[in-house]
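Some notes on the structure that comes next.
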Amino acid sequence: MSPIDILHLVTAAVAVLSGVLALYRMSIGPGLLDRTVATDVLTACGIGILAVMVVWWQRVDLGVLLVILALTAFMTAVVVTRYAVREDASSKRILTHEEAERQDRERAEAEIAAEQAELEEAARLARGGTAEDGSAGGDTGDEGDEGYTGPDERDEDEGDTRPDGGPDGSPDHEQPGAGEDRSSGPEERGEA
Numbered sequence: 004m005s006p007i008d009i010l011h012l013v014t015a016a017v018a019v020l021s022g023v024l025a026l027y028r029m030s031i032g033p034g035l036l037d038r039t040v041a042t043d044v045l046t047a048c049g050i051g052i053l054a055v056m057v058v059w060w061q062r063v064d065l066g067v068l069l070v071i072l073a074l075t076a077f078m079t080a081v082v083v084t085r086y087a088v089r090e091d092a093s094s095k096r097i098l099t100h101e102e103a104e105r106q107d108r109e110r111a112e113a114e115i116a117a118e119q120a121e122l123e124e125a126a127r128l129a130r131g132g133t134a135e136d137g138s139a140g141g142d143t144g145d146e147g148d149e150g151y152t153g154p155d156e157r158d159e160d161e162g163d164t165r166p167d168g169g170p171d172g173s174p175d176h177e178q179p180g181a182g183e184d185r186s187s188g189p190e191e192r193g194e195a
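Going by the working numbering, the sequence shown runs without a break in its numbering and finishes at 195.
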């Protein structure tokens, strides 16, 4: 065995040992980012072993696998770290039996309260009211005010809205001949 073969063997052994340690780190965690780094190290170990195989067996065609493995490792790390969220310290702690039961009870009570609120809201809407005031129809903003009068509730003394003018009967804008006297005869104009 030549010295270069011994170097290849030692390199492959170190890569395998690093891969085993990376597998151990992946299994114990404790967090997502720790596992992501361990996955990256495991992929780097695979790249190292494959590189030794390319050189030792003189298989240049395996070089394509090196590129594919490197790109896959890079993309995996980028995607995982992009969507990783920070974990708070309390989520890493193992709960006692009592704490877990209390958490389950609180969650169940919150779900029951939400369902009851939904049922009450549905019953209120079925009776024809809304959630805020119990009246029929939606709230458009002005209709809920005390001083608001809709178009059907206007008093008669507020004026009549006519198509040719405003509420008092005057024209909204100047029309040709709007200021002229429209009486038909000289008697009505006072020219008798």
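Beta carbons: idealized from backbone N, C-alpha and C, even for Gly.
Check	Outcome
Is the CB-CB distance between Gly66 and Leu45 below 8 Å?	no
Based on Cα-Cα distance, which residue from Leu12, Ala126, Glu124 and Ala125 lies nearest to Trp60?	Leu12
What are the boundary residues of the alpha helix (DSSP H) that includes Ile9?	Pro6 to Ile31
Check whether the Cβ atoms of Leu74 and Leu53 sit closer than 8 Å, and answer yes or no.	no
Going by alpha carbons, who is nearest to Thr84 out of Val17, Leu36, Arg108 and Glu114?	Leu36
Please say whether Ala18 and Gly3 have beta carbons closer to each other than 8 Å?	Missing from the structure shown is residue 3; the chain here goes from 4 to 195 and no further.
Alpha carbon to alpha carbon, how far is Cys48 from Ala41? Give it in angstroms, no decimals.	10 Å
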